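A.B. asks:
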Amino acid sequence: MPVFEAMAVLSPSAALLTKTLQPKITTNLQTPIFINKSTGKLESNKIISICSPQLSNTKASAISGSPGIEAGSGLVSEDTTNILDTVEVFDLNGNAIPFSDLWKDRKAVVAFARHFGCVLCRRRADYLAAKKDIMDASGVALVLIGPGSVDQAKTFSEQTKFKGEVYADPSHSSYKALQFVSGVSTTFTPKAGLKIIQSYMEGYRQDWKLSFEGDTVAKGGWQQGGIIVAGPGKTNISYIHKDKEAGDDPDIEDIIKACC
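Mapping to the numbering used here: the sequence shown position 190 is 1093, numbers consecutive.
#1: Do you know how far the Cα of L978 is from the Cα of F1083?
#2: Using the beta-carbon count (16 or more within 10 Å), is E1061 buried or exposed?
#3: Mapping DSSP to helix, strand and coil, what is P1001?
#4: If you compare alpha carbons, which of N985, D982, L987, L1047 is closest to V1013?
#5: Considering L1045, what are the terminal residues of the alpha helix (DSSP H) in which it resides?
#6: Could you name the residues of the same chain whose beta carbon sits closer than 8 Å to that of A1056, not counting the 5 residues immediately before and after it, in chain order?
#7: Based on Cα-Cα distance, which residue from K1066, V1022, S1052, D1054 lies nearest to L1031?
#8: Could you check the C-alpha separation between Q1126 and T1090 for me, to the nearest Å?
#9: Using the beta-carbon count (16 or more within 10 Å), is K1064 buried or exposed?
#10: Can you tell me which of K1094, A1033, K1145, S1076 puts its alpha carbon nearest to the alpha carbon of I986?
#11: Ignore the nearest five residues each way along the sequence and tell me which others in W1111's own chain have a CB closer than 6 Å to its CB.
#12: Could you check which residue in S1085, N998, A1011, S980 has the C-alpha nearest to that of G1136?
#13: When you compare each of T1092, A1044, T1138, G1051 to D1146 by their alpha carbons, which one comes out closest?
#14: Mind checking whether I1130 and H1144 have CB atoms under 8 Å apart?
#15: Under a three-way DSSP split, which group does Y1107 fall into?
#16: State the start and end residues of the unbroken beta strand (DSSP E) segment that holds E1156.
#17: When we look at the beta-carbon of L1151 and count the other beta-carbons within 10 Å, is it buried (16 or more) or exposed?
#18: Does DSSP classify K1145 as helix, strand or coil?
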């Protein structure tokens, strides 16, 4: 996959920048990309750097010292839970739902997509849905939130046949409240590039139409997501994973341990 195509997969905005960025790619050509036979995963010791004045001067709005994965009590401040209680998301019929109502009366695994066209998010949806039987047996709901419109959410649901519930967050308010990271340096990383290649090899594809809809492009496509386990009770958030970069999936067993 050409480097600019991989960049565009990570962020639709990148395709609009390719005429000006002119990145310099340096690699250790003696170490090829290979399939690890024991894990079935694509691996490489290849070092990839993307260097340009425009990119090197751009800072990610990441949380300082973000741990990535946390579990236990007191994960989210009272101020944050109060803000979450004011956030609205929209179901596939366009009905506004108070965000924390999604786990007020039940336990839920809530996954946050980068955007509805993202190939890595489609892979994440399947990775979680593969454990839905375990969640169902424990009375745990599986929910996916995406930063986009209701129409985008509908298309995502139809294309992926996602087994859980899908909601749209057009204002990105839930992402802001939970302080999920966003930025160029969290989007263009060697690991993210390898995960895109792995996803394509597994048959996943980016939806370019969804990726290039106005709202997604206007907001940059730099947003990262995460996963929480919450409820029952609006303030009861027992697990939170904040993606450090695109495609930063936690160990599925950590999620199952937290929810079931």
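Just so it is clear, CB atoms sit at the ideal spot from N, CA and C, and this is done for glycine as well.
Just so we're clear, the structure is a prediction, and the values are computed from it rather than from any experiment.
C.D. replies: Here's the rundown:
#1: L978 has its alpha-carbon roughly 14 Å from the corresponding atom of F1083.
#2: It is exposed - the Cβ of E1061 has fewer than 16 other Cβ atoms within 10 Å.
#3: In the structure shown, P1001 adopts extended strand secondary structure according to DSSP, grouped into three states.
#4: Of the listed residues, the one whose Cα sits closest to V1013 is L1047.
#5: Here L1045 belongs to no alpha helix (DSSP H); instead the beta strand (DSSP E) covers 1043–1049.
#6: Exclusion of the five residues before and after A1056 leaves F993, L995, F1019, G1049, V1069, Y1070, A1071 as the residues of its chain whose Cβ lies within less than 8 Å of its Cβ.
#7: Residue K1066 is the option with its Cα nearest to L1031.
#8: If you take the alpha carbons of Q1126 and T1090, they lie about 8 Å apart.
#9: So K1064 ends up on the exposed side.
#10: It is S1076 whose Cα lies nearest to the Cα of I986.
#11: Excluding residues up to 5 positions away in sequence, nothing lies with its Cβ nearer than 6 Å to the Cβ of W1111 in the same chain.
#12: Nearest C-alpha to G1136: A1011.
#13: Looking from the CA of D1146, the closest CA among T1092, A1044, T1138, G1051 belongs to T1092.
#14: Cβ atoms of I1130 and H1144: closer than 8 Å.
#15: DSSP places Y1107 in coil when its eight states are reduced to three.
#16: No beta strand (DSSP E) holds E1156; the alpha helix (DSSP H) holding it covers 1155–1162.
#17: The identity of residue 1151 in the sequence shown is Asp, whereas the question assumes Leu. Buried, by the Cβ-count rule.
#18: Judged by DSSP in its simplified three-state form, K1145 adopts strand.
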